[in-house]
Amino acid sequence: MRLAIQLAYRNLIGAGLRTWLNVIVLSFSFVVIIWLKGIMAGWDHQAKNDMTRWEIGGGQYWHQAYDPFDPMTLEDSHAPIPSALSSEIANDEAEPILMVQGTIYPKGRMQSVIIRGIRPGQTLLDVPTQSLDTLTEVIPAVIGSVMARTSRLEKGDYAVLRWRDVNGTFDAAEVLIADIFASNVPSAEAGQIYIPLEKLRSMTSLQGQATLVTFRDPEPEREAIPGWTLKTKAELTKQIDELIKTKTTAQSIFYFILLLLAMLAIFDTQVLSIFRRQKEIGTYIALGYTRQQVVGLFTVEGTMHAALAAVMATAYGLPFLLWQAKVGWTMPMDTSQFGMAIAQTLFPVYTVGLVVTTVLIITLTTAIVSYWPSRKIAKMNPTEALRGKLQ
Amino acid sequence: MENSVIISIEKLVKQFPMGQGVFTALNEIDLTVQKGEFSGLIGPSGSGKTTLLNIVGSLDAPTRGEATVLGQPISKLGPREAARLRKENLGFIFQSYNLLQVHTVYENVEFPLLLLNIQAAERRKMVMDALEWVGLTSKEKSKPPQLSGGECQRVAIARAMVKRPSLVLADEPTANLDAANSHHILQTMVKLNEELGTTFLFATHDEKVISYLRRKIYLLDGKIDKIEHVAVNDTVPS
Ligand SMILES: Nc1ncnc2c1ncn2[C@@H]1O[C@H](COP(=O)(O)OP(=O)(O)OP(=O)(O)O)[C@@H](O)[C@H]1O
Ligand SMILES: [Mg+2]
């Protein structure tokens, strides 16, 4: 095997330009695939991280009637906070949130919203609720940048907010946009308006009630609370996994085409060299190789393209990949309009597993593609190979 | 004298498929070659010289009959055993040199020793010895495309001889060389035959080669036509 590697190396380097063209194409596949996969892993990481920070914390208890996809359920999805959670809430380890349907009239237009009552002093989520602590005669409110754009509201603007209390009676009051935040979490922003929890409770006569309770500690061992559904962090971020899985599947086609191009080049080189190097093949046999050993030699030679490509990819790809991980990749279009949890700048995350699997898959594919045409050598007649007369 | 026989051929027949029937390239050949001989198969084109040499070299199998080389019956050898026979005991010299083009002269000559797993230090010494025999020590770092035809063939001889095989098979070794180079090559081989006791078997129709042979085996249409011996004290042309 050492001899085969040594020989294969000399032959490859001796083949010159053709070898380097193959190696360049292949090394490009290495770098692009690792980078793209790194971006996807970085996206997954970022999206989950943002969701944790801005919306779900370590997990949530939902009122059993609550369904985020059906705003109509909000009317019934509230209940007094279960006593099992009161000590965590008192210690700021959990945050009750009350959600009520409403309508906002920014500058005379109309938009339905979900009013989220949240404690101004909370530290669990990054939502700038301290801005809700301002003393004004109107209701202080905080919104996300997506909501700010759709409603064309700016910080310091006033708008009329209308809601129904527990008895179904309409009421309205003015709100002041005290702050605007950007979270990359569409569900925490789009159509959401945050106001002080106690204010919302008194507006709706839902004293001591909540729609959901977000807790800080993601420890999975949590007891069941009657009337409330436990939603773990894993469940709540499942949609991100699914989103990324769909995107990854779409990317696989791209990887496939990239690899196909590289493999075609190598296949072609192998076929050509087996045809052109018949005399050499005959010579190896005359010098004491079996035909199987020559097949092995040519397979090693083809596979070595992948090894050289890995070296080349390290030379120019490693600095690039590290630089990307540091400065991130900023998408040329405004990602907050995508309606999915994606940051403007993604920081690729490369794991050892990602690099190792990519290298293994490419090397294995190269080995198969190199072996395939080489099998032909096993059927060659050595005397005819020596004369170089095979077709 | 039994153990001094290196090649023993009995009723050897080689046929090739041709259209509907077969073409008989070798027809009932009987031949014995002793160790240390410097002999050659002589005959016109198509007489079967290469075919016979290839069978002796275990690159091809007989259709009928047997060729026993160094005690090994060629028709009964499997691919591994045949490869081993070539690797350990046979040297080949071809008309078109068949050097590995991207390897240096040194690496070309070293190749058979790598197959034999010989240690680096010993390998180096053996390669340098072989290059010395053919007078090419100064070219060890050159590659075949930079060498003349005569130099290439000398590299090929060094490669065939480096492991000191018992038997060297040379198929038209001078066909691509001019007269001066041909004589140089042949003198080198005669010297190696005398000093190392290596058996040489040629296939040729070149008069220059024929004049060096101690035994001339004439082939005609796949049969041995006649065999001529040259007395030991006969002078060899210089
Ligand atoms: N693989 C083959 N298939 C069919 N016929 C073959 C094959 N190899 C050799 N022959 C035929 O066998 C005969 C002997 O061929 P061989 O190559 O042994 O001749 P040779 O004496 O070496 O001739 P030359 O001096 O031209 O090299 C020729 O007629 C050739 O056409
Ligand atoms: Mg011939």
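As given, the protein sequences belong to chains U and W, one line each in that order.
Going by this note's numbering, the letters in the first sequence line up with residues 1 to 391, in that order.
Going by this note's numbering, the letters in the second sequence line up with residues 392 to 629, in that order.
Glycine included, each C-beta is placed from N, C-alpha and C at the ideal position.
{"Query": "8 Å Cβ cutoff, U:Ala286 in contact with chain W", "Result": "yes"}
{"Query": "Closer than 8 Å at the beta carbon, the chain U residues around W:Asn489", "Result": "Lys279, Glu280, Gly282, Thr283, Ala286 and Leu386"}
{"Query": "Nearest-angstrom Cα separation, counted from U:Asn91 out to U:Lys199", "Result": "21 Å"}
{"Query": "U:Gln46 classed as buried or exposed, judged by whether at least 16 other C-beta atoms fall within 10 angstroms", "Result": "buried"}
{"Query": "Euclidean distance between Cα positions of U:Gly121 and U:Thr52", "Result": "18 Å"}
{"Query": "Members of the region 46-64 of chain U that neighbour chain W once the beta carbon cut-off is set at 8 Å", "Result": "none"}
{"Query": "Bridge partners - U:Ser112, DSSP secondary structure assignment", "Result": "U:Thr103"}
{"Query": "Test: U:Thr383 CB closer than 8 Å to a CB of chain W", "Result": "yes"}
{"Query": "DSSP three-state assignment for U:Thr232, whether helix, strand or coil", "Result": "strand"}
{"Query": "Exercise answer, beta-carbon shell around ligand 1 heavy atoms below 5 Å", "Result": "W:Phe407, W:Ala416, W:Ser436, W:Gly437, W:Ser438, W:Gly439, W:Lys440, W:Thr441 and W:Thr442"}
{"Query": "Proximity test, Cβ basis, 8 Å: U:Gly302 and chain W", "Result": "no"}
{"Query": "Through-space distance from W:Leu587 to W:Phe407, alpha-carbon basis", "Result": "37 Å"}
{"Query": "W:Ala594: CB within 7 Å of a non-hydrogen atom of ligand 2", "Result": "yes"}
{"Query": "Environment of U:Val146 [buried if 16+ CB atoms lie within 10 Å]", "Result": "buried"}
{"Query": "Cβ separation of U:Pro140 and U:Ile195, assumed to be a contact under 8 Å, to the nearest whole Å", "Result": "7 Å"}
{"Query": "Check: W:Asp562 C-beta below 7 Å from any heavy atom of ligand 2", "Result": "yes"}
{"Query": "Neighbour flag for U:Tyr289 against chain W, beta carbons, 8 Å", "Result": "yes"}
{"Query": "Any non-hydrogen atom of ligand 3 within 7 Å of W:Leu611 CB", "Result": "The model depicted lacks ligand 3 and carries ligand 1 and ligand 2 instead."}
{"Query": "Nearest residue (CA-CA) to W:Lys478, options W:Leu610, W:Val559 and W:Thr595", "Result": "W:Val559"}
{"Query": "Test item: CB-CB of W:Pro435 and W:His596 under 8 Å", "Result": "yes"}
{"Query": "Expected contact under 8 Å - CB spacing of U:Ile143 and U:Ile114 to nearest Å", "Result": "No, U:Ile143 and U:Ile114 are not in contact; Cβ-Cβ is about 11 Å, not under 8 Å."}
{"Query": "Of the listed residues W:Arg455, W:Ser438, W:Ser466 and W:Gly437, nearest to W:Gly448 (C-alpha basis)", "Result": "W:Ser466"}
{"Query": "Cα-Cα separation, W:Leu604 to W:Pro453", "Result": "26 Å"}
{"Query": "Completely contained alpha helix (DSSP H) runs for the region 273-347 of chain U, where each covers 4 or more residues", "Result": "278-286 and 291-327"}
{"Query": "Straight-line gap, U:Phe256 to U:Ile24 (C-alpha atoms, nearest Å)", "Result": "17 Å"}
{"Query": "U:His305, buried or exposed, once every other Cβ within 10 Å from all chains shown has been counted against 16", "Result": "buried"}
{"Query": "W:Phe485 - containing beta strand (DSSP E), residue span", "Result": "Where W:Phe485 is concerned, there is no enclosing beta strand (DSSP E), given that its DSSP letter is neither H nor E."}
{"Query": "Below-8 Å beta-carbon distance, W:Asp616 vs any chain U residue", "Result": "no"}
{"Query": "Short CB-CB distance (under 8 Å) between U:Leu21 and chain W", "Result": "no"}
{"Query": "Residue closest to W:Tyr488, alpha-carbon to alpha-carbon, out of W:Met519, W:Ser539 and W:Ile446", "Result": "W:Ser539"}
{"Query": "Closest residue to U:Ile187 among U:Ser86, U:Thr204, U:Trp54 and U:Ile118 (Cα-Cα distance)", "Result": "In the sequence on display, residue 187 of chain U carries Ser and not Ile. It is U:Trp54."}
{"Query": "is_contact[U:Arg276, chain W] using C-beta, thresh 8 Å", "Result": "no"}
{"Query": "Alpha carbon of U:Gly59 to alpha carbon of U:Gly191, nearest angstrom", "Result": "22 Å"}
{"Query": "Exposure of W:Glu501, with buried meaning 16 or more beta-carbon neighbours within 10 Å", "Result": "buried"}
{"Query": "Contacting residues, own chain, Cβ-Cβ under 6 Å from U:Pro392 (five flanking each side not counted)", "Result": "With chain U running from 1 to 391 in the structure shown, residue 392 of chain U is simply not present."}
{"Query": "The region 333-348 of chain U touching the region 28-47 of chain U, judged by at least three CB pairs closer than 8 Å", "Result": "yes"}
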